[in-house]
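Residue numbers (this note's numbering), protein chains in the order written: chain A, 2 to 529; chain B, 19 to 382. To keep things clear, I will list the structure first and then write my remarks on it.
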Amino acid sequence: MTAPAIELKGISKAFGPVQANKDISISVQPGTIHGIIGENGAGKSTLMSILYGFYKADAGEIFIKGQKTLIPDSQAAIRAGIGMVFQHFKLVENFTVLENIILGAEEGAMLNSSLGNARKELKHLAEEYGLNVDPDEVIENLSVGHQQRVEILKALYRKAEILILDEPTGVLTPAEADQLFRILDRLREEGKTIILITHKLREIMEYTDTVSVMRRGEMTATVKTAETSPEHLAELMVGRKVLLRVDKKPAEPGATVLDIKGLRVVDEAGVERVKGIDLTVRAGEIVGIAGVAGNGQSELLEVLGGFADGTGTITMNGEAIPLSGHGADGQARRAAGISHVPEDRQREGLIMEFAAWENTVFGYHHSPEIQNGLLMDNKGIYTEAEAKMQRFDVRPPDPKLAAKNFSGGNQQKIVLAREIERNPDLLLIGQPTRGVDIGAIEFIHQQVVNLRDQGKAILLVSVELEEILSLADRVVVMFDGHITGERDAAQTNEKELGLLMAGITDTSAVANGNGGNDNSTQEVPADG
Amino acid sequence: MDKMPKWADIVLIPLISLLLAAFFSALVILAIGENPIEALKLMVDGALMRSSGWGYTLYYATNFIFTGLAVSVAFHARLFNIGGEGQAMLGGLGVALCCLYVPWPHWSLAILGASVGAALFGALWALIPAYLQAKRGSHIVITTIMFNFIAAAILNYVLVELLRPVGAMDPASAKFPDATHLPSFQDMFSTEGNKMFRGAPANVTFFLALAASVFVWLLMWRTKLGYQIRAFGHSESGALYAGISPVRITVIAMLISGALAGMMSVNTTMGESERLILNSTEGAGFIGIAVALMGRNHPFGVLLAAILFGFLYQGGAELALWTSIPRELIVVIQALVILFTGALDNMVREPLEKLFIAMRRRNA
Numbered sequence: 002m003t004a005p006a007i008e009l010k011g012i013s014k015a016f017g018p019v020q021a022n023k024d025i026s027i028s029v030q031p032g033t034i035h036g037i038i039g040e041n042g043a044g045k046s047t048l049m050s051i052l053y054g055f056y057k058a059d060a061g062e063i064f065i066k067g068q069k070t071l072i073p074d075s076q077a078a079i080r081a082g083i084g085m086v087f088q089h090f091k092l093v094e095n096f097t098v099l100e101n102i103i104l105g106a107e108e109g110a111m112l113n114s115s116l117g118n119a120r121k122e123l124k125h126l127a128e129e130y131g132l133n134v135d136p137d138e139v140i141e142n143l144s145v146g147h148q149q150r151v152e153i154l155k156a157l158y159r160k161a162e163i164l165i166l167d168e169p170t171g172v173l174t175p176a177e178a179d180q181l182f183r184i185l186d187r188l189r190e191e192g193k194t195i196i197l198i199t200h201k202l203r204e205i206m207e208y209t210d211t212v213s214v215m216r217r218g219e220m221t222a223t224v225k226t227a228e229t230s231p232e233h234l235a236e237l238m239v240g241r242k243v244l245l246r247v248d249k250k251p252a253e254p255g256a257t258v259l260d261i262k263g264l265r266v267v268d269e270a271g272v273e274r275v276k277g278i279d280l281t282v283r284a285g286e287i288v289g290i291a292g293v294a295g296n297g298q299s300e301l302l303e304v305l306g307g308f309a310d311g312t313g314t315i316t317m318n319g320e321a322i323p324l325s326g327h328g329a330d331g332q333a334r335r336a337a338g339i340s341h342v343p344e345d346r347q348r349e350g351l352i353m354e355f356a357a358w359e360n361t362v363f364g365y366h367h368s369p370e371i372q373n374g375l376l377m378d379n380k381g382i383y384t385e386a387e388a389k390m391q392r393f394d395v396r397p398p399d400p401k402l403a404a405k406n407f408s409g410g411n412q413q414k415i416v417l418a419r420e421i422e423r424n425p426d427l428l429l430i431g432q433p434t435r436g437v438d439i440g441a442i443e444f445i446h447q448q449v450v451n452l453r454d455q456g457k458a459i460l461l462v463s464v465e466l467e468e469i470l471s472l473a474d475r476v477v478v479m480f481d482g483h484i485t486g487e488r489d490a491a492q493t494n495e496k497e498l499g500l501l502m503a504g505i506t507d508t509s510a511v512a513n514g515n516g517g518n519d520n521s522t523q524e525v526p527a528d529g
Numbered sequence: 019m020d021k022m023p024k025w026a027d028i029v030l031i032p033l034i035s036l037l038l039a040a041f042f043s044a045l046v047i048l049a050i051g052e053n054p055i056e057a058l059k060l061m062v063d064g065a066l067m068r069s070s071g072w073g074y075t076l077y078y079a080t081n082f083i084f085t086g087l088a089v090s091v092a093f094h095a096r097l098f099n100i101g102g103e104g105q106a107m108l109g110g111l112g113v114a115l116c117c118l119y120v121p122w123p124h125w126s127l128a129i130l131g132a133s134v135g136a137a138l139f140g141a142l143w144a145l146i147p148a149y150l151q152a153k154r155g156s157h158i159v160i161t162t163i164m165f166n167f168i169a170a171a172i173l174n175y176v177l178v179e180l181l182r183p184v185g186a187m188d189p190a191s192a193k194f195p196d197a198t199h200l201p202s203f204q205d206m207f208s209t210e211g212n213k214m215f216r217g218a219p220a221n222v223t224f225f226l227a228l229a230a231s232v233f234v235w236l237l238m239w240r241t242k243l244g245y246q247i248r249a250f251g252h253s254e255s256g257a258l259y260a261g262i263s264p265v266r267i268t269v270i271a272m273l274i275s276g277a278l279a280g281m282m283s284v285n286t287t288m289g290e291s292e293r294l295i296l297n298s299t300e301g302a303g304f305i306g307i308a309v310a311l312m313g314r315n316h317p318f319g320v321l322l323a324a325i326l327f328g329f330l331y332q333g334g335a336e337l338a339l340w341t342s343i344p345r346e347l348i349v350v351i352q353a354l355v356i357l358f359t360g361a362l363d364n365m366v367r368e369p370l371e372k373l374f375i376a377m378r379r380r381n382a
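What follows is the structure in C-alpha cells.
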C-alpha cells in the first residue's frame, strides 16, 4: 500500500475559549478527490489554514507522503507541495495572468527570464490539464471561472501535488462549475491529490472519492462516497435527521401584489445594473430570481427596499411607489407593506454591535406600539424579543447578547423573526441561507413557505440554484441586468437555468434533456 | 461570548491605563530632579483635600463634562467633532448677548436664557460643517478644525469692534448685569461660621452639567433618535436599509454636539468671568476629546473622566505654584494620561483579554 499523500494525526487548535479543531485525524490517498464537508464554524477552514501554514496547531502532526512535515508558514506548505485555492481569490486585478502566476515565485531580479519560463510552463500545463487561459490577459477582464483557473495554475506552477479548494463553486455558474470539476478530474488522473471543502452535498456526492464530515471542531466520520447518501451526510453534519427538500404544497397565487415595469437602476459608478425589467409577484407565490451574483439582482432588491434609486414604475397593491427622492426610503417601503430580509445581514439587516433585542425593532423603531411617550419602550421591546427568539428558535435565546456573537444562521433567524412577524404583504428575501448551516436552512425555508401559505407575496433572490428550485414556485433568471427567461420551478432543471444564467435564451436543447453547451460561459461577466 | 466581563472593560482598563500614565509621569518628574511622591501629594492636597481645591476641580470638570458629552454624542454617529473649541467660543457669544441685552429679573431665568443662547450659537456653528459633511462629503475633522480658527477670529472682531465698552483697553465685553450673577459654590454652601469653597469659581452650572449628562444618557439609550444615531454610527449601510437618513442624522447629531459644547460657556462666561473675554475656553474643547475617549463615550464615564481631568488641571496649577516643576510639565502629564487612556487603549486591552480567556479556560 502506498503512503497517503497527506495524513493528519491528532490536530487540535483553539482560539481563546473556542476549540476550533479537536483531535482531528485524516488520511488522504494520492490520486483521489477527498471532500471535507461541515456546517459553518465546524472548523473546516481552520484545519485547512493549519495545513497551509496560516495557523500553528496546538497539537498534532502532519505527514506528507509518509514524511513528518512541519508547516510553519505558507512558503513551507508550497515547498511540501501543497497548493491552495481560496474562496476569495488572491489575485492582483490589474496584473496579467502571467504576472500573477510568477508573483512571489520570480527568479532573480529581472522579470523577463521568469516571464519567459513561466510562459513555457503555462503552455505545458494548459496542454496537460486543459487549463486554457490567455497568459497576457489582465485579471479583471477575466470571468470568475477563468480567474479561478489562474489560481489553480498558480498552485500547479509551484509544483503542487496536493490541491486544496475552499468552497470553489460559490461564485460559479453551473456550467462553470462543471468545467471546474472536469479539470479536477483531469488532475486526479494525473496523480494529483485534491481536497475539496464545500457545504454542497451534491458536489460531494458527484465528484469525491472519500468524504470527511466535520461537526463542532471534530471529525465525525470519514466514509467512501460511494457508500453513503446525502441524507446520511446531512445527518452526520447536523447531528440529527434533516429534511433536505422543502415540504410544500403547490402555490395558489392570488391578486398581483408587486408590479414592476421598465425598471432601470444605475449604480453610484454610473454603470447601468438593471436594464429595463418587468416583473410581477402575486399573493401566495414565491418568485425566485436566479442568476450569478452581480447581474443586477442585488440592485433590484435595493430599489425595492428603498435604499437605491431607480427609474420606471413599481406598484404595490395597485399604488405607485416612488423610486427616488422623497418617499423612496426604507421607512416608506415598510409603511407600504414591504418587509425586507437583505442579502447582507451583517452590513444591512443587523447592527452587529447592538444587542439582539435592539435588533428586533431595527427598521421599525418608529412603530407606535414600541414608544412610551418620548422614550422607547425598552422593557416591552425586550420582552417581545425574548418571545420572538423563542418562536424562531434563536440560539442562544439571550436577547442581551450582541448580534455579532450569534452564528450566521441565528443572526438570520433574528432578521427573519423581525421581518416575517411584521406580517408584510410582500417579503423581499435575499440570499436567505448564505452562510447558514443546514439545520437552520430547513427552518428558514419552512418559515418562508408558511408565509406564502398565508397568502403573502415573496420575492426571493439567491445564487444557490438548488435553493431557488426547491423554494420558488416561479423562477425568473437575470443576466447582465436583463431578465433572460421565466420558468415554472416544477418544470425546469439546473441545466436549463444555467444556460439562462449565462445569457443564452435558446434552451430547447437542454429542456429536452440533452447536454449543455460547452462554450456557454465565455460571456459570463466577472462577479461585481 | 464577550472576551471579558463588563466591569473589566469599564473599570479595570482605565484604571490600569491611568496607573501606567502615573508611572511614566513619575519618571519624567524624577528626571527633572523632583520627587514624584511629593508632587502627587501636592496635587491631591491642592485639588482634593480642601473645599476650595474642589471648587476649582469641579469648575474645570464642568467645562469638560460639556465638551466631553459633545464629542461623545457626535462620536456615537461616528462623527469626530473636534470643533468643540470653536463651538464653545461662539456659545460664549450667545451667553454674552443674552446677558447683556435681555433684562433678566433673576439668575434662575437668566441661566435658562443663557443656556438656550449658548446652545443655539454652538449648534449653529456646528451646522455648517455638519451640512458640508452630510451633503458634500467634506470631512468633518477638517472643517471643524478650520471652524475653530474662524470662530476665534470672529470672536476677536466682535470683542474689539462691537462689544468692547467705549474707552476700555482689553478685548472684552462689558460686565454682565448683577441679576445674571450665578450662585457660586461659596454662595450656596457656606454657613455663617464656615466659609466653604472660598474664592473658587465652581458654580451652579455644575448641576446643569449633571443634568446634561442625564439628558444625553436618556437621549442615546432611551429614545428613538438616540437609537438611530447609534445605528447610523455603527453601520451606514444598515441605516440606509432601515430607512434612517444619513443626512438627517449627521446634521442632528452635530447640532446636539455643538449645542452641548456651546453650553460650556455658561460655566466660564456667565459663571466665572461674568463678561465675555477672549480665549475663555482655554482648550477645554480639545480636552473634551480625551474625556470622551476615556469615558468610553458614556455619560457616566465622561463625568468621571471630566473630574479626573479637572483634578489634573487644578493639581497641575498647584504644582506650578509650589514647586519648580514648570507649568509645561503638567501638559506632559495630561498628554501621558490621554496617550495611555485613549490612544494606547489596546496595549492594555489585549493582554487583559488574553488573561481573562486563559482564566476562564482554566476554570472550565
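From the three backbone atoms N, C-alpha and C, an ideal C-beta is built for every residue, glycine too.
Please report the straight-line C-alpha distance between residue i and residue j, rounded to a whole angstrom.
| i | j | result |
| --- | --- | --- |
| Val-355/B | Ser-291/B | 29 Å |
| Leu-154/A | Ile-196/A | 16 Å |
| Thr-341/B | Gly-244/B | 47 Å |
| Val-272/A | Ile-103/A | 33 Å |
| Glu-207/A | Tyr-365/A | 45 Å |
| Ile-83/A | Glu-254/B | 41 Å |
| Ala-78/A | Gly-67/A | 15 Å |
| Ile-299/B | Glu-359/A | Reading off the sequence, residue 299/B comes out as Thr, not Ile. Going from the Cα of Thr-299/B to the Cα of Glu-359/A covers about 38 Å. |
| Asn-166/B | Phe-203/B | 31 Å |
Between the options, which has its C-alpha nearest residue i's C-alpha?
| i | options | result |
| --- | --- | --- |
| Ala-270/A | Glu-300/A, Lys-250/A and Leu-264/A | Glu-300/A |
| Glu-468/A | Ala-43/A, His-446/A, Gly-109/A and Thr-506/A | His-446/A |
| Thr-506/A | Thr-485/A, Val-362/A and Met-220/A | Thr-485/A |
| Glu-168/A | Pro-73/A, Ala-161/A and Ala-178/A | Ala-178/A |
| Asn-315/B | Gly-86/B, Thr-80/B and Ile-129/B | Gly-86/B |
| Leu-392/B | Phe-318/B, Ser-156/B, Ala-192/B and Ala-310/B | The question about residue 392/B has no answer, for chain B in this structure spans 19 to 382. |
| Met-220/A | Leu-376/A, Pro-5/A, Leu-48/A and Arg-475/A | Leu-48/A |
Going by the CB atoms, is the gap between residue j and residue i shorter than 9 Å?
| i | j | result |
| --- | --- | --- |
| Gly-409/A | Asn-41/A | yes |
| Val-477/A | Val-288/A | yes |
| Val-265/B | Ala-152/B | yes |
| Ile-307/B | Ala-95/B | no |
| Gly-73/B | Arg-216/B | yes |
| Leu-71/A | Tyr-130/A | no |
| Arg-334/A | Ile-322/A | yes |
| Asn-297/B | Ala-137/B | no |
| Asn-379/A | Arg-240/B | yes |
| Asp-426/A | Met-317/A | yes |
| Leu-164/A | Lys-193/A | yes |
| Val-113/B | Val-284/B | yes |
| Gly-285/A | Glu-320/A | no |
Our contact map puts residue i next to residue j with C-beta atoms below 8 Å; I'd like the distance itself, whole angstroms only.
| i | j | result |
| --- | --- | --- |
| Trp-125/B | Pro-201/B | 7 Å |
| Ala-388/A | Ala-357/A | Incorrect: roughly 12 Å between the Cβ atoms, too far for contact. |
| Leu-234/A | Ile-38/A | 6 Å |
| Leu-259/A | Gly-311/A | The pair is not a contact, with the Cβ atoms about 14 Å apart (cut-off 8 Å). |
| Thr-390/B | Leu-294/B | In this structure chain B extends from 19 to 382, so residue 390/B is not present and cannot be described. |
Quick one: residues in its chain with C-beta nearer than 8 Å to the C-beta of residue i, no 5 flanking neighbours on either side, listed in chain order?
| i | result |
| --- | --- |
| Gly-11/A | Asp-24, Ile-25, Ser-26, Ala-60, Gly-61 and Glu-62 |
| Thr-3/A | Gln-30 and Pro-31 |
| Asp-528/A | Unreliable positioning characterises Asp-528/A in this predicted model, as indicated by a pLDDT of 40, which lies under 50. A coordinate reading is not provided. |
| Ser-481/A | Sequence inspection shows Asp at residue 481/A; the Ser mentioned does not correspond to that position. Same-chain partners within the cutoff: Lys-276, Asn-296, Gly-297, Gly-504 and Pro-526. |
| Gly-514/A | Residue confidence for Gly-514/A is low, a pLDDT of 43 falling below 50, so the modelled location carries little weight; the figure read from the coordinates is stated next. Counting only Cβ-Cβ distances below 8 Å, and skipping sequence neighbours, we find nothing. |
Excluding sequence positions up to five away, which residues of its chain have a Cβ less than 7 Å from the Cβ of residue i?
| i | result |
| --- | --- |
| Gly-256/B | Ala-249 |
| Leu-76/B | Ala-220, Phe-224 and Gly-328 |
Within a Cβ cutoff of 6 Å, which residues of the same chain sit near residue i, ignoring the five residues on either side of it in sequence?
| i | result |
| --- | --- |
| Thr-33/A | Asp-210 |
Any heavy atom of the ligand PLP inside 8 Å of the beta-carbon of residue i?
| i | result |
| --- | --- |
| Leu-294/B | Ligands displayed in this structure: none; no statement on the ligand PLP is therefore possible. |
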